[in-house]
Amino acid sequence: MRSRPDRRVASRAVAATPRTVTVVGAPLDLGQGRRGVDMGPSAIRYAGLEERLTSFGCRVVDRGNLVVPEPEALAVRDERARFLPEILAACAALAALVGDVVSDGALPLVLGGDHSVALGTLAGLRAAAGEPGGVIWIDAHGDLNAPATSPSGNVHGMPLAAALGLAGDAFAHPGLTLPAVDPRRVVLVGLRSLDPAERALIRDSGIRAITMTEIDRIGIERAAQEAIDRASGSGFVHVSLDLDALDPEIAPGVGTPVKGGLTYREAHLACEDIAEAGIVGSLELVEVNPILDRENASALAASSTAIALGQSIL
Numbered sequence: 022m023r024s025r026p027d028r029r030v031a032s033r034a035v036a037a038t039p040r041t042v043t044v045v046g047a048p049l050d051l052g053q054g055r056r057g058v059d060m061g062p063s064a065i066r067y068a069g070l071e072e073r074l075t076s077f078g079c080r081v082v083d084r085g086n087l088v089v090p091e092p093e094a095l096a097v098r099d100e101r102a103r104f105l106p107e108i109l110a111a112c113a114a115l116a117a118l119v120g121d122v123v124s125d126g127a128l129p130l131v132l133g134g135d136h137s138v139a140l141g142t143l144a145g146l147r148a149a150a151g152e153p154g155g156v157i158w159i160d161a162h163g164d165l166n167a168p169a170t171s172p173s174g175n176v177h178g179m180p181l182a183a184a185l186g187l188a189g190d191a192f193a194h195p196g197l198t199l200p201a202v203d204p205r206r207v208v209l210v211g212l213r214s215l216d217p218a219e220r221a222l223i224r225d226s227g228i229r230a231i232t233m234t235e236i237d238r239i240g241i242e243r244a245a246q247e248a249i250d251r252a253s254g255s256g257f258v259h260v261s262l263d264l265d266a267l268d269p270e271i272a273p274g275v276g277t278p279v280k281g282g283l284t285y286r287e288a289h290l291a292c293e294d295i296a297e298a299g300i301v302g303s304l305e306l307v308e309v310n311p312i313l314d315r316e317n318a319s320a321l322a323a324s325s326t327a328i329a330l331g332q333s334i335l
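All residue numbers for the sequence shown refer to this note's numbering, where the first residue is 22 and numbers rise by one.
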């Protein structure tokens, strides 16, 4: 068996140097059909996010929330990509802010909102790095549809395809530098719900998809290590965590729950391994819907996954 390096050494080196984590709220809920996810950033903060980050040596700066439009004030122009112009404008504003955070030497921690905000985060990281990067996309879904293939027309099912430059010309925007990621450094973790076009794109693009079935067979430790190895490289490494990656029994407050997801401990172990690797330059927590939640359980789970930024037990 191939031996792997002791990632704890890298983790200790990272932990020895206090880092500034800049929190940015992106309360966008135009990308999906269930209201309430715009309250996610506040719920995650309320669940003790800052206290958790400062407990392992981070300095926290909170930039508040971006101002984004609400669907009641808008008209749907295209049912194949609902509210896409407004979503792109919001993502461009987020990309500029993420770029500023990186330029200041801080680590961006983006709180969504629905997963369409990831397009802004990744575009901002791409512009700041000057080259495409890698992403560990922890999610029950692939988010690899395009307007022509989406069954719902909801843009939160398209941001990864758009970040890869594979969602079509409709996603072109002067404030978004695309493509933002290298498909060979994209790893999907926790998949259990894919549309036919997404399956084809995964097969054709070189993306690594680690389904829940594979995690059941090989274990979360091996899956996490492969994700780390595949996503690592120049430019940047981003972790985007959709709370529906967790089983609905643990994180009920999500708009598109799918049974059979990661357990609380599996999610923790994956985030601990990511922290030990010392590769993460940015983190994103999305799709917490307090209206659908129980006792803020999903927001608490989201807050706890901030351990990916460096917390360890010893």
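Glycine residues also receive a C-beta, built at the ideal position from the N, C-alpha and C atoms.
Within 10 Å of its beta-carbon, does residue i have 16 or more other beta-carbons around it, so buried, or fewer, so exposed?
| i | result |
| --- | --- |
| alanine 36 | Since pLDDT at alanine 36 reaches only 42, below the 50 mark, its modelled position is unreliable, and the value read off the structure follows with that caveat. Buried, since its Cβ has 16 or more Cβ neighbours within 10 Å. |
| threonine 41 | exposed |
| isoleucine 228 | buried |
| valine 89 | buried |
| threonine 234 | exposed |
| isoleucine 239 | exposed |
| glycine 15 | The structure shown does not extend to residue 15, since the chain is modelled only from 22 to 335, so the question has no answer here. |
| serine 124 | exposed |
| glycine 126 | exposed |
| alanine 188 | buried |
| alanine 329 | buried |
Roughly how many angstroms lie between the CA atoms of residue i and residue j, to the nearest whole one?
| i | j | result |
| --- | --- | --- |
| alanine 64 | proline 311 | 7 Å |
| glycine 84 | alanine 116 | Here the sequence assigns arginine to residue 84, which means glycine is not the residue at that position. Straight-line Cα distance between these residues: approximately 14 Å. |
| glutamate 93 | leucine 262 | 27 Å |
| valine 399 | valine 122 | Past the boundaries of the shown model lies residue 399; the chain is included only from 22 to 335, so the question cannot be answered. |
| alanine 248 | leucine 209 | 8 Å |
| leucine 267 | glycine 211 | 8 Å |
| aspartate 5 | valine 275 | In this structure the chain extends from 22 to 335, so residue 5 is not present and cannot be described. |
| serine 76 | leucine 70 | 10 Å |
| alanine 184 | alanine 148 | 12 Å |
| arginine 205 | glutamine 246 | 16 Å |
| valine 97 | glutamate 297 | 44 Å |
| valine 81 | glutamate 72 | 9 Å |
| alanine 221 | glutamate 293 | 32 Å |
| proline 195 | alanine 111 | 12 Å |
| isoleucine 231 | alanine 244 | 7 Å |
| glycine 46 | glutamate 91 | 15 Å |
| glycine 154 | leucine 128 | 15 Å |
| alanine 167 | arginine 224 | 16 Å |
| serine 255 | threonine 326 | 24 Å |
| glycine 1 | glycine 299 | Only positions 22 to 335 of the chain appear in this structure, which leaves residue 1 out of reach. |
| valine 176 | leucine 140 | 10 Å |
| valine 258 | serine 226 | 19 Å |
| valine 207 | leucine 87 | 27 Å |
| arginine 56 | valine 301 | 31 Å |
| glycine 78 | alanine 169 | 46 Å |
| alanine 193 | aspartate 135 | 20 Å |
| valine 260 | glutamate 305 | 6 Å |
Closest to residue i by CA distance: which of the options is it?
| i | options | result |
| --- | --- | --- |
| alanine 191 | Arg101, Pro62, Tyr285, Val307 | Arg101 |
| histidine 162 | Asp216, Glu305, Ser255, Leu185 | Asp216 |
| alanine 68 | Val279, Asn317, Leu330, Glu107 | Asn317 |
| glycine 54 | Pro168, Phe104, Ser124, Glu72 | Phe104 |
| threonine 142 | Leu181, Gly189, Ala169 | Leu181 |
| proline 48 | Ala188, Ser124, Ser137 | Ser137 |
| leucine 199 | Ala169, Pro172, Glu152 | Glu152 |
| serine 253 | Arg56, Leu74, Asp203, Ala144 | Asp203 |
| leucine 283 | Val176, Glu270, Glu107 | Glu270 |
| threonine 277 | Val207, Ser173, Cys79, Ala193 | Ser173 |
| glycine 120 | Gly178, Gly134, Ala150 | Ala150 |
| aspartate 399 | Ile108, Asn86, Cys79, Gly78 | Outside the shown range of the chain, which is 22 to 335, sits residue 399, and nothing can be said about it. |
| serine 303 | Gly78, Gly57, Gly145 | Gly145 |
| isoleucine 295 | Leu87, Cys79, Gly331, Val207 | Gly331 |
| leucine 290 | Ile236, Phe257, Arg251, Val258 | Ile236 |
| isoleucine 159 | Gly52, Ile241, Asn86, Ser124 | Ile241 |
| alanine 114 | Gly126, Leu132, Leu197 | Leu197 |
| glycine 133 | Ala169, Arg251, Val58 | Val58 |
| serine 6 | Ile328, Gly52, Ala329 | The structure shown has nothing for residue 6, since the chain only spans 22 to 335. |
What does a CB cutoff of less than 7 Å around residue i pick up in its chain, not counting 5 residues either side in sequence?
| i | result |
| --- | --- |
| serine 214 | Ala161, His162, Val279 |
| serine 24 | With a pLDDT of only 41 at serine 24, under the threshold of 50, the placement of this residue in the model should not be trusted; the figure read from the coordinates follows. Result list for serine 24: empty, nothing under 7 Å. |
| serine 324 | Ile65, Ala68, Gly69, Leu70, Arg73 |
| serine 319 | Leu264, Ala272, Pro273, Gly274, Val275, Val309 |
| leucine 95 | Phe104, Glu107 |
| glutamate 219 | Gly163, Leu165, Asn166 |
Here's a check: name, in chain order, each residue in its chain whose Cβ is nearer than 6 Å to the Cβ of residue i, leaving out the five neighbours to either side.
| i | result |
| --- | --- |
| valine 44 | Asp83, Leu130 |
| glycine 186 | Leu199, Pro200 |
Would the C-beta of residue i count as close to the ligand ADP, meaning under 7 Å from any of its heavy atoms?
| i | result |
| --- | --- |
| leucine 70 | For the structure depicted, the ligand ADP is absent and the ligand set is empty, with no information on it obtainable. |
Within the same chain, show all residues whose beta-carbon is closer than 8 Å to that of residue i, passing over the 5 residues directly before and after it, in chain order.
| i | result |
| --- | --- |
| proline 322 | It is worth fixing the name first, because residue 322 is alanine in this sequence and not proline. For alanine 322, where only same-chain residues beyond five positions count, the Cβ hits under 8 Å are Leu264, Leu267, Ile271, Ala272, Tyr285, Ala288. |
| proline 106 | Arg98 |
Consider the Cβ of residue i: report whether some Cβ of chain C lies at a distance smaller than 8 Å.
| i | result |
| --- | --- |
| alanine 148 | Absence of chain C from the displayed structure is noted, only one protein chain being present. |
message = Just to confirm the assignment: which complete beta strand (DSSP E) runs, minimum length 3, are found wholly within the segment 39-115?
response = 41-47, 80-86
key: Residue ranges of each beta strand (DSSP E) within the segment 109-151, 3 or longer   = 128-133
Every unbroken beta strand (DSSP E) inside the segment 227-289 [3 residues or more] = 229-232, 258-263
query = Can you give, in chain order, each stretch of the beta strand (DSSP E) that sits fully within the segment 190-231 and has at least 3 residues?
reply = 202-212
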